[in-house]
Amino acid sequence: MWLFKEEPTHYAFDDLERDGETTWTGVKNPLAQKHLRSVRKGDRVFYYHTGNEKA
Numbered sequence: 121m122w123l124f125k126e127e128p129t130h131y132a133f134d135d136l137e138r139d140g141e142t143t144w145t146g147v148k149n150p151l152a153q154k155h156l157r158s159v160r161k162g163d164r165v166f167y168y169h170t171g172n173e174k175a
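Count along the sequence shown starting at 1, add 120, and that's the number in my numbering.
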């Protein structure tokens, strides 16, 4: 399972629900890029974003 974190002002969970899938771009950290290359279609992802709303 993977943990993906994003700021809701950039790409909120509602956006992900609406889109159904997305491509993670703009990642500059080399270690994060390495991990992203390891993610495969069908892998489980826990999507987290900060904010005031309750899950």
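Positions of the beta carbon are idealized from the N, C-alpha and C atoms, including for glycine.
Whole-angstrom C-beta distance between residue j and residue i, which should lie under 8 Å
| i | j | result |
| --- | --- | --- |
| glutamate 127 | histidine 169 | 6 Å |
| arginine 164 | methionine 121 | 5 Å |
Reference residue i, options the options, closest by Cα
| i | options | result |
| --- | --- | --- |
| leucine 136 | Glu173, Phe166, Gln153 | Phe166 |
| histidine 81 | Trp122, Thr142, Leu123 | Nothing about residue 81 can be read from this structure; the chain reaches only from 121 to 175. |
| glycine 162 | Gly140, Asn172, Lys125, Ala132 | Gly140 |
| leucine 123 | Glu173, Trp144, Pro150 | Trp144 |
Test item: CB-CB of residue i and residue j under 7 Å
| i | j | result |
| --- | --- | --- |
| glutamine 153 | valine 147 | yes |
Strand pairing of residue i, partner residues [DSSP]
| i | result |
| --- | --- |
| leucine 123 | Phe166 |
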